[in-house]
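Visitor: Top line first, the protein sequences correspond to chains A and B.
Position 229 (the first sequence) corresponds to 229 in the working numbering; numbering is contiguous.
Position 142 (the second sequence) corresponds to 1142 in the working numbering; numbering is contiguous.
This is the structure I want to talk about, given as C-alpha cells.
There are 2 protein chains.
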Amino acid sequence: MSLLVVGSVALDSVETPFGSADEALGGSAVFFSAAASLLHPVQMVGVVGRDYPMAKLQRLSARGIDLRGVTTMDGESFRWGGRYGFDLSSRETLYTRLGVFANFRPTIPAEFRDAAYVFLGNIDPELQLEVLDQVKAPKFVAADTMNFWINGKRPALLKLLERVDCLLVNDSEIRELTGDWHIHRAARWILERGPKYVVIKKGEHGAVLVGSGQIFYVPAFPLEDVFDPTGAGDAFAGGFMGHIARTGNLTPPNLRLAMVYGSAMGSFAVERFSIQRFEEIDLAAVLERVKAQRELVHFDVEPV
Amino acid sequence: MSLLVVGSVALDSVETPFGSADEALGGSAVFFSAAASLLHPVQMVGVVGRDYPMAKLQRLSARGIDLRGVTTMDGESFRWGGRYGFDLSSRETLYTRLGVFANFRPTIPAEFRDAAYVFLGNIDPELQLEVLDQVKAPKFVAADTMNFWINGKRPALLKLLERVDCLLVNDSEIRELTGDWHIHRAARWILERGPKYVVIKKGEHGAVLVGSGQIFYVPAFPLEDVFDPTGAGDAFAGGFMGHIARTGNLTPPNLRLAMVYGSAMGSFAVERFSIQRFEEIDLAAVLERVKAQRELVHFDVEPV
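Structure below.
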C-alpha cells in the first residue's frame, strides 16, 4: 500500500551555534521522505528549479523514494535561510525565496493516484485540496499547515479539515487556528471539524495525539546535543505515516506506536544538518530508539 | 516508617482569571502534607503567627498529619499574594510578607527525629542543613529550593546537595543553579555533586526523573480546566515522597511510580484553590488518576 507525500523540496541554509549548512537538501517532502523511507517506500511529489542538485536528490531513489512526481521547472529552486539562537528553540528566518514553488500546482502522476496513505506537507490548503481531488481512495490522509495559511487561507483550510483523517500541527499553530490557548480544548475544536485525530507537536516538550476518545503523550527523546532543529516536524510526520503505511494498521494502539516512530524520527532529524542522519542509520537503529522511547515513559502500577 | 516535611505554612491570596481566594491555607509544608497524607501519615514542621486560622490547620490532623512540629510565634503569619495571567503559566507576586517565617529556626520534635523519609521544602539551605543535623538516620532525603537561595546562599546549597538523595527543582531553577540551559546536562551536573536523583518539574510540560543511569519522563495530566497552579510543585513532592514512604521501596522502578503519584497530586492541586481538592478526594481517586497517567503514555512496541 503506497505512501504519498506532497510538499516542498528546498535548499536550506542554516546557522546554529554549532556550525552552519549551506544549500543543503531541505523542505517538508524531503525531510518526510528521508524519515519515512526507513520504514516504507515513499512516492514524492514536488517541484524544483533547474539549479537543484539533482544528484543529491537522486541518492534518495536508492532509499525507496520514488521521485517521478518531482517536476523540474524553469526558475530558481525554493530556498530558505535561518539562524538558531543558543537554546535552539528560537529561530530567525533570514530569507524565504519561493522561486518555482510560488507557482507549484501539484500534479499527481497516474501511478501514484492509488496511494493508500497520503501526507499533505505544509503548502497552500487550496493545493492540498487539489491533491485530494487527484488521489482515488486513500485510507488515511494527514495534513500539516502553518500560521501563514491559518491567517491567509482560513476558508480553504477549514474545507481541508473536512477531508483529512489527521491534522499535524505545532502548539502555536493549533492555538492560532482555534483561538484557544488550551491545546486539549483546541484539539476538540479540530475534531469537531472533520479529522478523527490531531497530532500536536510541541518541540522539545514532545507531541500529543488526541482522538478516538483518547489522549496519548510522547516525550521528545532526550538528546545530549541537539544540532539543528530544522525538519524535525516533517521527520516526525515521516515516522508517523511511515509506520502506518508499513503496518497498514489504523487501530488506536497502532497510532500510538506511530507517534513513537514519529518522535524517534524527529530526534534523529535534529542530530545532524539536513537529512544527513537518515543517511547514516537503518531500520535497526530506529527500532532501538523506539524501545528507548518506551523505556523513557514505561512504569508498572504495581512494581516488584 | 515516618515521613517528615519541613517548610512554610502560609496564607495565600490568589487571583486567577476564574476567581480569587483570600488568605487560604498555603505554603510548601501545607501543600506537601495535604497531598502526601492521602498516601501515608506526615509529620509537619513549620511556624505560624498568632493570627493563623488554627481551626483550618487542625482539620489536617484528622487526615493523618501530625502538627506537633508546627510552632506558634508572636507576630504575623507568612502571607503571599499572587495573580495569574490568562494562560496560568505566568504569575505576578503581589506581595510576600514573611512575618514569623523570617525568624524560623526549625526544631524537630524528639518524636520526629527517627523519620525515615524527609522532605526539605523550599527554605534557606542553611536551615535545611540544620534539619538534617537533627534527624538521626533518614533513608531518603529530598529537597526543594528556589532562585532566591540559588543566588543568595549558593555555598550552603552546594553543601546541602552533598547530603540529600534527591533534589526537586523546576526547569528554570536547575538552569540557574547549574548555568546550563540543557536540562539533561544540568541534571548530570547535580548528580556529580551528591544526589542520586534529580527531579525536574516543568509545569504543564510534566516532570523528569534523572538518576541511576536512567531518565524517566511523566507528562502533566491533561486537565480541561486548570484553576489555580499555586502549590502544584509541593503537591508533586507530596505524592512523590508519600508513595516512597508508603511502599518503603527505593528501587528505580518504584521511584518511577513515585513520579507518577507526584504528577497525579500536582494535577489535583491545580483543580481548586488552596488544598481544597485534597479534602475532596480519597486514595481511590488517586489510584484512578495514576492509572489514567499510565493510559496517557502506554504503548506496545508490537501492537495487536
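Just so you know, even glycine gets a beta-carbon here, dropped at the ideal spot from N, CA and C.
1) I want to verify the contact list: residues of chain A whose CB lies under 7 angstroms from the CB of residue 1222 of chain B, in sequence order.
2) Taking CB distances under 7 angstroms as the criterion, tell me whether residue 40 of chain A reaches chain B.
3) Using a Cβ-Cβ distance under 7 angstroms, would residue 297 of chain A count as near chain B?
4) Anything in the segment 140 to 163 of chain A with a Cβ closer than 9 angstroms to a Cβ of chain B? List those residues in chain order, please.
5) Consider the Cβ of residue 1087 of chain B: report whether some Cβ of chain A lies at a distance smaller than 7 angstroms.
6) Taking 7 angstroms as the CB-CB limit, is residue 131 of chain A close to chain B?
7) For a contact defined as C-beta to C-beta under 8 angstroms, what are the partners of residue 1294 of chain B on chain A?
8) What are the complete beta strand (DSSP E) segments, minimum 3 residues, inside the segment 1066 to 1143 of chain B?
9) Against chain A, with Cβ distances strictly below 7 angstroms, would residue 1257 of chain B count as a contact?
10) In angstroms, rounded to a whole number, what distance separates the CA positions of residue 280 of chain A and residue 1114 of chain B?
11) Near residue 10 of chain A, which residues of its chain fall below 6 angstroms by C-beta distance, leaving aside the five closest residues on each side in sequence?
12) Give, in chain order, every unbroken run of the alpha helix (DSSP H) that is at least 4 residues long and sits entirely within the segment 160 to 221 of chain A.
13) CB-CB under 8 angstroms to residue 1068 of chain B, same chain, minus the five flanking residues each way: which ones, in chain order?
14) Does DSSP put residue 1290 of chain B in a helix, in a strand, or in coil?
15) Note down, in chain order, every chain A residue with its Cβ under 8 angstroms from the Cβ of residue 1189 of chain B.
16) Output, in chain order, the set of chain B residues within a Cβ distance shorter than 9 angstroms of residue 80 of chain A.
17) Please identify, using Cβ separations under 7 angstroms, the residues of the segment 1088 to 1120 of chain B that lie next to chain A, in order along the chain.
18) For the segment 267 to 290 of chain A, list every residue whose C-beta sits within 9 angstroms of some C-beta in chain B, in sequence order.
19) Got a sec, what are the start and stop residues for the alpha helix (DSSP H) residue 44 of chain A sits in?
20) Which residue wins for smallest C-alpha separation from residue 131 of chain A, given the options A/152, A/235, A/181, A/105?
21) Give me the chain B residues within the contact set of residue 260 of chain A, using Cβ-Cβ distance strictly less than 7 angstroms, ordered along the chain.
22) From residue 226 of chain A to residue 1200 of chain B, what distance separates their C-alpha atoms?
23) Do residue 1063 of chain B and residue 1015 of chain B have their C-beta atoms within less than 7 angstroms of each other?
24) Residue 12 of chain A bridges to which residues according to DSSP?
25) Which residues bound the beta strand (DSSP E) around residue 5 of chain A?
26) Mind listing the chain B neighbours of residue 17 of chain A? Cutoff is C-beta to C-beta under 7 angstroms, in chain order.
27) Is residue 243 of chain A close to chain B, meaning its C-beta is less than 7 angstroms from at least one C-beta of that chain?
Guide: Looking at the atomic coordinates:
1) Correct list: 184, 215.
2) No, residue 40 of chain A does not count as interfacial toward chain B.
3) Yes, residue 297 of chain A lies at the interface with chain B (some Cβ there is under 7 angstroms from its Cβ).
4) Listed by position, the residues of the segment 140 to 163 of chain A near chain B (Cβ gap below 9 angstroms) amount to none.
5) True, the Cβ-Cβ gap to chain A drops below 7 angstroms.
6) With 7 angstroms as the cut-off, residue 131 of chain A does not count as an interface residue toward chain B.
7) Those are 299, 301, listed as they occur along chain A.
8) Runs found: 1078 to 1084, 1091 to 1097, 1117 to 1120.
9) It does; some Cβ of chain A falls within 7 angstroms.
10) Roughly 56 angstroms between the two C-alpha positions.
11) Result list for residue 10 of chain A: 26, 27, 78, 80, in chain order.
12) 171 to 178, 183 to 191, all fully within the segment 160 to 221 of chain A.
13) Hits under 8 angstroms: 1043, 1109, 1111, 1112.
14) If DSSP states are grouped into helix, strand and coil, residue 1290 of chain B belongs with the helices.
15) Here the premise fails: no neighbours, minimum Cβ distance about 13 angstroms.
16) The contacting residues do not exist; residue 80 of chain A stays about 26 angstroms from chain B at best.
17) Across the segment 1088 to 1120 of chain B, no CB contact with chain A closer than 7 angstroms is found for any residue.
18) Within the segment 267 to 290 of chain A, the qualifying residues are 287, 290.
19) No alpha helix (DSSP H) contains residue 44 of chain A, which is instead part of the beta strand (DSSP E) from 42 to 49.
20) Of all alpha-carbon atoms in A/152, A/235, A/181, A/105, the one lying nearest the alpha-carbon of residue 131 of chain A is that of A/105.
21) At a C-beta separation below 7 angstroms, residue 260 of chain A has these neighbours in chain B: 1299.
22) Taken atom to atom, the span from the alpha-carbon of residue 226 of chain A to that of residue 1200 of chain B is near 19 angstroms.
23) For residue 1063 of chain B and residue 1015 of chain B, no; Cβs fall outside 7 angstroms.
24) In the DSSP output, where bridge partners are listed per residue, residue 12 of chain A has A/24, A/80.
25) Per DSSP, residue 5 of chain A belongs to the beta strand (DSSP E) from 3 to 6.
26) Those do not exist, as residue 17 of chain A stays about 11 angstroms from chain B at its closest Cβ, beyond 7 angstroms.
27) False, the Cβ-Cβ gap to chain B never drops below 7 angstroms.
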